[in-house]
Structures are given as structure tokens and as C-alpha cells.
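Undergrad: My numbering applies: residue 270 is where the sequence shown begins, and numbers increase by one. For each residue, glycine too, the CB sits at the ideal point set by N, CA and C. Here it is: the structure, laid out below.
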Amino acid sequence: MTDQLPMPLQTGCEPSSSCDSRREFLGTAVAAVAMALTGCGKLSKEEFLQHNFRELSKDEVQTIIARLESEYKAKYGKTVKVGTEPAMPGVIFGYALDLSRCIGCRRCVHACVKENNQSRNPEIQWIRVLEMDKEEGVNLQHADQYYDPAEVPREGHFYMPVQCQQCKKPPCVKVCPVGATWREKDGIVVVDYNWCIGCRYCMAACPYGARHFNWGEPGLTPAEVNPDTHYLGNRPRPKGVVEKCTFCVQRTRKGLYPACVEICPTGSRKFGNLLDAKSEIRQVLEHKRVFKLKEDLNTQPNFFYFYGV
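Following this line, the structure appears as C-alpha cells:
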């Protein structure tokens with residue numbers, strides 16, 4: 270047995286007219302098979318044969334971004350900016366959530382949907398808020414994701430939001446057969462949606478249920494589309510790919526908080542640079558009772574839970 274993952278198909282041809290013809294034929298055939306197997310929507314040959322985002326030259330990136338922005342403008346009737354901001358040097362993002370303050374209002378869920386261009390019909394939610402019994406403690410087997418009381422917080426209960434944990438050792442990355450997902454230098458695990466084949470191995474491997482399959486074209490109206498996007502984050506996704514929380518990469522790489530942090534009415538959510546000894550996130554980790562979800566799996570998440578009071 271070997272841990273080596275299958276690599277994208279290579280023909281070994283030197284550039285020539287015959288090689289180009291062979292590659293064109295091969296690309297068209299492979300794209301057709303991929304669409305049949307994954308159920309993806311329309312995908313051009315150019316999009317299917319596009320290199321992984323990590324391998325693109327600056328000129329190739331500019332060409333792809335121009336094409337995407339043109340497509341989005343035609344589809345939604347508004348200018349959509351697709352950013353490509355890289356990870357900032359000297360930054361590893363960390364997140365901490367205060368379980369003693371969270372009231373289960375789900376404002377974070379809906380702010381995330383709005384910010385990240387998630388499908389509305391059907392609605393895809395990257396954040397799940399679990400209601401738990403205080404007597405049981407943190408017990409995922411007795412958690413209720415679909416609670417619906419008249420008011421929250423409900424007496425005798427507490428609330429635990431769960432989303433992508435941005436693991437240092439992400440099992441989802443290890444199982445991807447085409448290298449469509451990886452961990453960036455700032456700790457964010459991203460997905461190249463043009464490279465994703467929709468096999469959903471990553472969904473099966475994620476122990477946090479943090480990845481979601483896009484079964485259809487996102488049901489977004491022009492008014493609902495957030496035009497400030499990132500290629501590896503919240504740009505509108507095609508049908509048939511897996512998507513997830515990216516710590517609002519389109520915001521955080523510009524020095525802003527994630528949308529869920531900004532909307533939280535109780536200040537339960539803390540976010541910052543783990544490498545900055547003076548940051549709020551570091552103060553939380555050093556002075557509060559902190560734990561990691563499913564720590565025994567050794568995924569080493571950069572998402573922490575703590576009790577502030």
C-alpha cells in the first residue's frame with residue numbers, strides 16, 4: 270500500500286501541433302466523463318483543463334479572473350470582484366468561541382450565508398449551531414441542530430456552533446484524489462472549485478461535518494449576490510462541487526473580521542493572529558479554559574472553544 274495520491278493525467282508530449290490536437294481530444298473526452306460521473310453542470314474544456322490555482326502563472330490568473338468576472342456580470346447583472354489576495358506573511362489565523370456567552374440566536378449562520386454567497390434554494394449553511402443539555406455537557410450524541418424554541422437561550426441548555434476547524438492536519442486534504450483542497454500558509458484550508466470533481470471524499474473524511482456539496486446551481490438573485498469575493502472563498506460556486514468555511518478569506522486577508530464574528534451580539538466569537546502574542550486570540554488561549562473539538566483525532570484545529578466565565 271502507498272499513501273501517494275493519484276496525480277492529474279499527463280501526456281508527456283512536447284509542445285507541437287500534433288500534441289495540441291491530442292491534448293484537445295483527450296481534454297474533451299475526459300471533461301465529458303468527469304461531468305457524467307460527478308453530475309456537474311456545464312464546464313468548458315478550458316475550465317476543466319485549467320491548472321490547479323497553486324500552479325497558475327500571474328498571467329493565467331489574470332485571464333481566469335477576467336473570465337469569471339465577465340461571467341458573473343452577465344449572470345447577475347452587477348459587477349462582481351474576484352480577489353486573489355495571498356496569505357499575509359507572519360499570520361496564522363485562529364478562532365475561539367466562548368460557550369458561556371453564545372445564546373444560540375443563529376445570527377452567525379445567516380450572516381455567513383449572506384457574506385459567502387451560499388445557495389438560498391436550497392439553502393446551504395456552513396455553520397451549524399448545536400443545542401445541548403447543560404446536565405449532559407458537550408455530548409454530540411444528544412445535541413440538537415434543529416432546535417426551534419420560541420426564545421433563546423432555552424433554560425437548562427447551552428449552544429455550540431460548529432464549522433470548519435481549519436485543521437493543521439486536515440483529513441479532508443489527505444483524501445482528495447485531485448489536490449483540489451489544501452492548507453494555506455495562514456492556516457486557512459481552501460478549495461479550488463474549478464479543480465474539484467465532486468467526489469465528496471473530503472466530506473466523508475471530515476469529522477466535523479464542515480463540508481457541503483452543492484447539488485444545484487446556487488439559488489441567488491442579483492440582489493443577494495455579495496460582489497466582493499475571493500477566488501478561493503466566496504465567489505459563486507458551480508453545481509457539483511464541495512464548499513466550506515474559509516474564515517471569510519475575502520475579508521480576513523484585508524484585515525477585517527469574519528462576518529460571523531462581526532454579527533455576534535454577545536461577543537462570543539474571537540478571531541486573530543496566533544503568531545501575535547498581544548492579540549486577543551492569544552490572550553484567550555493563555556488565560557481561559559480552552560478545549561478543541563474531537564482533540565483525540567489529532568487533526569490539530571485552529572478553532573478553539575473556551576469558557577469565559
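Which whole-angstrom value describes the C-beta separation of residue 572 and residue 435, a residue pair presumed to lie in contact below a C-beta threshold of 8 Å?
TA: 6 Å
Undergrad: Which whole-angstrom value describes the C-beta separation of residue 350 and residue 497, a residue pair presumed to lie in contact below a C-beta threshold of 8 Å?
TA: 6 Å
Undergrad: Determine the direct distance from the alpha carbon of residue 516 to that of residue 381, and round the result to whole angstroms.
TA: Roughly 10 Å separates the two Cα atoms.
Undergrad: What is the rounded straight-line gap between the Cα of residue 472 and the Cα of residue 552?
TA: One C-alpha to the other measures close to 33 Å.
Undergrad: Once DSSP output is grouped into helix, strand and coil, what is the label at residue 293?
TA: With a pLDDT of only 49 at residue 293, under the threshold of 50, the placement of this residue in the model should not be trusted; the figure read from the coordinates follows. Collapsing the DSSP output to three states places residue 293 in a helix.
Undergrad: Kindly indicate which three-state DSSP category residue 555 falls into: helix, strand or coil?
TA: Note: residue 555 maps to helix in three-state DSSP.
Undergrad: What are the start and end residues of the beta strand (DSSP E) that includes residue 379?
TA: Where residue 379 is concerned, there is no enclosing beta strand (DSSP E), although the alpha helix (DSSP H) it sits in stretches over 376–384.
Undergrad: Is it right to say residue 369 is buried, meaning 16 or more other beta carbons lie within 10 angstroms of its own, or is it exposed?
TA: Around the C-beta of residue 369, fewer than 16 other C-beta atoms lie within 10 Å, and the residue is accordingly described as exposed.
Undergrad: If you draw a straight line from the alpha carbon of residue 393 to that of residue 386, how long is it in whole angstroms?
TA: 9 Å
Undergrad: Does residue 493 come within less than 8 Å of chain E when only Cβ atoms are used?
TA: Checking the listed chains, one finds no chain E in this structure; it contains a single protein chain.
Undergrad: Tell me which residue opens and which closes the alpha helix (DSSP H) that residue 498 is part of.
TA: Residue 498 -> not in any alpha helix (DSSP H); beta strand (DSSP E) instead, spanning 497–499.
Undergrad: Just tell me which of 568, 361 and 396 has its CA closest to the CA of residue 454.
TA: 361
Undergrad: State buried or exposed for residue 384, treating a residue as buried only when at least 16 other CB atoms are found within 10 Å of its CB.
TA: buried
Undergrad: Quick one: using the 10 Å Cβ neighbour count with 16 as the cut-off for buried, is residue 395 buried or exposed?
TA: buried
Undergrad: With a threshold of 8 Å, are at least 3 pairs of Cβ atoms found where one atom belongs to the stretch 492–509 and the other to the stretch 461–468?
TA: yes
Undergrad: Pull up the DSSP beta-bridge partners for residue 430, would you.
TA: 398
Undergrad: Any contact of the stretch 482–492 with the stretch 531–546, i.e. 3+ C-beta pairs under 8 Å?
TA: no
Undergrad: Using the Cα positions of residue 355 and residue 520, report the straight-line distance between them to the nearest angstrom.
TA: 12 Å
Undergrad: Which residues in the same chain as residue 306 place their Cβ atom closer than 7 Å to its Cβ, once the five residues preceding and following it in sequence are excluded?
TA: Only weak support is given to the placement of residue 306: the predicted model assigns it a pLDDT of 48, under 50, and the value that follows is read from those uncertain coordinates. Here the set comprises nothing.
Undergrad: Just checking my contact of residue 428 with residue 422 at CB under 8 Å: how many whole Å lie between their CB atoms?
TA: 7 Å
Undergrad: Determine the extent of the beta strand (DSSP E) in which residue 538 is found, giving its start and end residues.
TA: 538–542
Undergrad: According to DSSP, residue 366 sits in a beta bridge with which residue or residues?
TA: 538 and 574
Undergrad: Can you check which of these residues, 446, 456, 457 and 389, is closest to residue 474 by C-alpha distance?
TA: 446
Undergrad: Using the Cβ count rule (16 or more neighbours within 10 Å means buried), how would you classify residue 492?
TA: Exposed: under 16 other Cβ atoms inside 10 Å.
Undergrad: Quick check on residue 322: does DSSP put it in helix, strand or coil?
TA: helix
Undergrad: For the candidate residues 390, 413, 391 and 405, whose alpha-carbon lies nearest to that of residue 397?
TA: Of the candidates 390, 413, 391 and 405, the one whose C-alpha sits nearest the C-alpha of residue 397 is 413.
Undergrad: Closer than 7 Å by C-beta to residue 557: which residues in its own chain qualify, once you throw out the five before and the five after it? Chain order, please.
TA: 575, 576 and 577
Undergrad: I think residue 510 touches residue 467, with their Cβ atoms under 8 Å apart; what is that distance to the nearest whole Å?
TA: 6 Å
Undergrad: Quick check: what's the CA-CA separation for residue 479 versus residue 432?
TA: 5 Å
Undergrad: Hey, residue 376 and residue 534: beta-carbon distance below 8 Å or not?
TA: yes
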